[in-house]
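Numbering-wise, the working numbering puts 786 at position 8 of the sequence shown, and it's gapless, one number per residue. Glycine included, every Cβ here is placed at the ideal spot set by N, Cα and C.
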Amino acid sequence: MIQLIEQQKFVLTPDFAIKLLILEQRRRSGRSIILSGDTGIGKTEMLSLYSLIINLNSNLIPNVLFKIRKLLISRILVDPNKKSLRATQFQKYFKLKNENQYEPNSIGSRNSIDITQDSLINTYREICESGHFVIAAYETVNYLKKLLNKYFLIKKSKLLERVVDSTLTQPIDIKFKSDQENIIVNNSEELIELVKETLNIKFENLFFSILMHQNVTATKIKKK
């Protein structure tokens, strides 16, 4: 849940946390609740976040931070075909489980890839600096295309729409199609920007807006 809140750029203050707990208590007990306040204080944003939290373990909301970490350790740092590291400097992120079988270091341990935006972005930077930009870009774009097609509630920016429309069939396409419009990333900085945008994706609202009759005000509802 904390990862989702970080991803959505919410600041979890004590007051905000209490309101989320009240919402959860009312939902579980089946009781109604009225949110009142001036325009712009965060009523809709709170409901948006709450709806994401309660659907976090469903097939609607992906844990993007976790999924990007999994992509890094399973297809970019490691060659899945050869089952070997793409560069010896990546060995610091893994421990040798069996012969030619690498297991990622535990989250939070030294030299681990943690499920935080900074950790993931820094790992991408290191991969690009080591000369593996092409494979990182290819694997990332193709993975994101599958992710965006699967989770339809993700709000797609113009950049993410281009990812959906991309037509990369092999890593070499990054080089030979770099001057064409359907290539999403032409260099390491553009790849980093794509990763940042992915880690900060927003979702469509999972709740319905309540439309009040024009002759009924919030004050009248409170009096009732």
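Given 8 Å, three or more beta-carbon pairs between the stretch 919 to 938 and the stretch 880 to 891: no
Helix, strand or coil at Glu982 [DSSP, three-state]: The residue given as residue 982 occupies position 204 in the sequence shown. In this structure, Glu982 counts as coil in the three-state DSSP scheme.
Distance, Leu849 Cα to Asn927 Cα: If you number the sequence shown from 1, residue 927 lands on position 149. If you number the sequence shown from 1, residue 849 lands on position 71. Cα-Cα distance, rounded: 17 Å.
Validate contact between the stretch 966 to 979 and the stretch 889 to 901 using beta carbons, cut 8 Å, 3 pairs: yes
Identity of the residue in Gln786, Asp816, Ile832, Leu843 nearest Leu798 by Cα: Working through the sequence shown from its first residue, we reach residue 798 at position 20. Ranking Gln786, Asp816, Ile832, Leu843 by CA distance to the CA of Leu798 puts Ile832 first.
Buried/exposed call for Thr918, threshold 16 Cβ in 10 Å: Locating residue 918 in the sequence shown gives position 140, where the first residue counts as 1. When all chains shown are included, Thr918 counts as buried.
Whole-number beta carbon distance between Gln781 and Leu843, since they are thought to touch under 8 Å: Taking the first residue of the sequence shown as 1, we reach residue 843 at position 65. Taking the first residue of the sequence shown as 1, we reach residue 781 at position 3. Indeed they touch by this definition, with Cβ atoms about 5 Å apart.
Strand pairing of Tyr880, partner residues [DSSP]: In the sequence shown, residue 880 corresponds to position 102, counting from 1. The partner list for Tyr880 (beta bridge, DSSP) reads Leu874.
Backbone secondary structure at Phe954 - three-state DSSP: Here residue 954 refers to the residue found at position 176 of the sequence shown. Any reading at Phe954 must be qualified, since the residue scores a pLDDT of 47, below 50, and its modelled position is unreliable; the value itself is stated next. Helix, per DSSP.
Close-in-space but distant-in-sequence residues of the same chain around Phe954 (CB under 7 Å, 5 per side omitted): Within the sequence shown, numbered from 1, the residue matching residue 954 stands at position 176. Because Phe954 carries a pLDDT of 47, less than 50, the predicted location of this residue cannot be relied on, and the following value inherits that uncertainty. If we look at Phe954 and ignore the five residues flanking it on each side, it has no Cβ neighbours.
Bridge partners - Asp857, DSSP secondary structure assignment: For the purposes of this step, residue 857 is identified with residue 79 of the sequence shown, where counting begins at 1. DSSP lists Ser862 as partners of Asp857.
Length of the line joining the Cα atoms of Leu925 and Ala865: As a position in the sequence shown, residue 925 is number 147, starting the count at 1. As a position in the sequence shown, residue 865 is number 87, starting the count at 1. If I take the Cα positions, the gap works out to 27 Å.
Selected residue, minimal CA-CA separation from Phe981, among Gly815, Gly818, Ser826, Leu813: Within the sequence shown, numbered from 1, the residue matching residue 981 stands at position 203. It is Ser826.
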